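Asks:
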Amino acid sequence: MAYSANQSVLHVLRGGTPTKLENLMEIPELGSTPEKIDVTTLADRTKRYIPGIREYGDLVFKFLYDNTNEEANYRILKDMDDNGESAAFRIEYPDGTSHQFEAIPAVKIDAGTVNVALTFSATMMLQSDVSTRNP
Numbered sequence: 642m643a644y645s646a647n648q649s650v651l652h653v654l655r656g657g658t659p660t661k662l663e664n665l666m667e668i669p670e671l672g673s674t675p676e677k678i679d680v681t682t683l684a685d686r687t688k689r690y691i692p693g694i695r696e697y698g699d700l701v702f703k704f705l706y707d708n709t710n711e712e713a714n715y716r717i718l719k720d721m722d723d724n725g726e727s728a729a730f731r732i733e734y735p736d737g738t739s740h741q742f743e744a745i746p747a748v749k750i751d752a753g754t755v756n757v758a759l760t761f762s763a764t765m766m767l768q769s770d771v772s773t774r775n776p
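Everything in the sequence shown is counted per the numbering used here, starting at 642 for the first residue and increasing by one.
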């Protein structure tokens with residue numbers, strides 16, 4: 642069965658209370674690639690490796706900009722950025738799968754042009770591994 646990313650939801654869990662971050666427009670790839678540690682010896686005929694630390698890369702979430710009140714997506718994430726606050730985030734997909742991770746967001750307003758909605762990006766600086774919960 643095929644699924645669309647539509648209806649995916651991102652929550653931030655501050656103080657144990659989940660808050661849905663409204664107006665989510667894009668979600669990043671969620672997966673990791675381990676660095677390769679070279680363990681080749683002079684006796685080997687081919688290079689050999691073992692897996693090292695996993696790298697998730699930049700997790701950049703894009704949102705439609707909203708700063709109208711204290712519960713606005715931009716205000717919540719920018720406040721966390723300004724204070725270097727780490728929190729748990731949970732992305733939920735339409736089929737019930739979810740990923741959860743601890744991160745500090747780095748927020749920037751995206752470039753603006755004529756006839757384009759104002760957006761912002763939150764780049765998540767991971768503070769934990771990314772866990773998966775299956776439906």
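Cβ coordinates follow ideal geometry from the N, Cα and C atoms, glycine included. Since this is a predicted model, take the numbers as computed values, not measurements.
With 16 other CB atoms within 10 Å as the buried threshold, where does Tyr715 fall?
Replies: That one is buried.
Asks: Counting only runs that start and end within the segment 673-726, where is the alpha helix (DSSP H) found for 4 or more residues in a row?
Replies: 714-724, all fully within the segment 673-726.
Asks: Skipping 5 residues on each side, what residues in its chain have a beta carbon closer than 6 Å to that of Arg731?
Replies: Answer for Arg731: His652, Ser739, Gln741, listed in chain order.
Asks: Given Glu708, which residues of its chain have a CB within under 7 Å of its CB, disregarding the five upstream and five downstream residues?
Replies: Just to set this straight, residue 708 is Asn in the shown sequence, not Glu. Cβ neighbours of Asn708 beyond the five flanking positions: Tyr715, Arg716.
Asks: Could you give the first and the last residue of the continuous beta strand (DSSP E) run that contains Pro746?
Replies: Pro746 -> beta strand (DSSP E) spans 739-750.
Asks: Name the one or two DSSP bridge partners that Ile732 has.
Replies: Answer by DSSP bridge pairing, in chain order: Leu651, His740.
Asks: By Cβ distance below 8 Å, which residues in the same chain neighbour Leu767 in space, the five residues on each side in sequence not counted?
Replies: Closer than 8 Å at the Cβ level, and outside the excluded window around Leu767, lie Tyr697, Leu700, Phe742, Glu743, Ala744.
Asks: In the DSSP assignment, what are the bridge partners of Leu767?
Replies: Ala744.
Asks: Whose C-alpha, out of Pro735, Val757, Gly657, Lys703, is nearest the C-alpha of Ala643?
Replies: The residue with the shortest Cα to Cα distance from Ala643 is Pro735.
Asks: Given Ser727, which residues of its chain have a CB within under 7 Å of its CB, disregarding the five upstream and five downstream residues?
Replies: Glu743, Ala744, Ile745, Gln768.
Asks: What residues match up with Leu665 in a beta bridge as DSSP calls it?
Replies: Answer is Phe704, bridged to Leu665.
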